[in-house]
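Counted the way our numbering counts, the sequence shown spans residues 69 to 218. Beta carbons: idealized from backbone N, C-alpha and C, even for Gly. Since the structure is predicted, the reported quantities are computational estimates derived from the model, not experimental observations.
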Amino acid sequence: MNDTDQLAQLLRKRHESLSQLAWLSRRQMELIDSGDLGTLLKILAGKQQLLGDLNAIERGLDPFRNQHPDERHWSDPAAREQSARLAAESDLLLGEIFQLEQRSAGGLQQRRDEAAQRLHGLHAAHEARGAYLAQPDAVAYRQLDLSTEI
Numbered sequence: 069m070n071d072t073d074q075l076a077q078l079l080r081k082r083h084e085s086l087s088q089l090a091w092l093s094r095r096q097m098e099l100i101d102s103g104d105l106g107t108l109l110k111i112l113a114g115k116q117q118l119l120g121d122l123n124a125i126e127r128g129l130d131p132f133r134n135q136h137p138d139e140r141h142w143s144d145p146a147a148r149e150q151s152a153r154l155a156a157e158s159d160l161l162l163g164e165i166f167q168l169e170q171r172s173a174g175g176l177q178q179r180r181d182e183a184a185q186r187l188h189g190l191h192a193a194h195e196a197r198g199a200y201l202a203q204p205d206a207v208a209y210r211q212l213d214l215s216t217e218i
């Protein structure tokens, strides 16, 4: 396989991985909005695998980064055009993924803050109940005297 064939193959793999990552990031946003944390954890595990694959692809692309595109010898002009298109689309996908990740982080922070508020409210209610029950006359207030005196 010549250099440009290898480059084309790596660009295809990169585009495919970024497409999958973008889909998972969109799904992640939906799950954050719906509060489905169980499925969200599965999505995050899938993203982690894809990020590992993408890292390996990027390392494979490293030797091509310092080459000027016009200095590469392509056996097929269509392959060059397709590679250029995939590279441009990949850059757009990467931008979308970054935006989705920022929104996801904000959504997760909001969910965390909401959960902290609920926990704080539960803790305050528990403390109030404990204080009420700790009062010596609390038993008298909790019992209802139904006896009548005639």
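Residue environment analysis places Ser151 among the buried positions, since at least 16 neighbouring C-beta atoms fall within 10 angstroms of its C-beta.
Under the three-state reduction of DSSP, Gln135 is assigned to coil, being neither helix nor strand. Remark: three or more beta-carbon pairs, one from each stretch, lie closer than 8 angstroms, so the region 172-180 and the region 98-111 are flagged as touching.
Gly114: member of the alpha helix (DSSP H) spanning Leu105 to Leu129, first to last residue.
Between Gln88 and Leu118, the C-beta gap is smaller than 7 angstroms, which places the two residues in contact. The beta carbons of Ser85 and Asp121 sit closer together than 7 angstroms.
Shown here, Ser172 sits in a helix according to DSSP, grouped into three states. Spanning the alpha carbons of Pro137 and Thr72 requires a straight line of approximately 10 angstroms. Distance between Glu195 and Ala184, taken at the CA atoms: about 16 angstroms. In this structure, the CA atom of Glu157 is about 15 angstroms from the CA atom of Ala147. Taking the Cα positions, Phe132 is about 24 angstroms away from Phe166. Take the alpha-carbon of Ser172 and the one of Glu126: they are about 24 angstroms apart. Taking C-alpha positions only, Leu105 is separated from Asn134 by approximately 43 angstroms. By the Cβ neighbour-count rule, Leu160 is exposed, with fewer than 16 other Cβ atoms within 10 Å of its own. For Ser93, same chain residues with a beta-carbon under 6 angstroms away, outside a window of 5 residues either side, are Ile165 and Leu168 in chain order.
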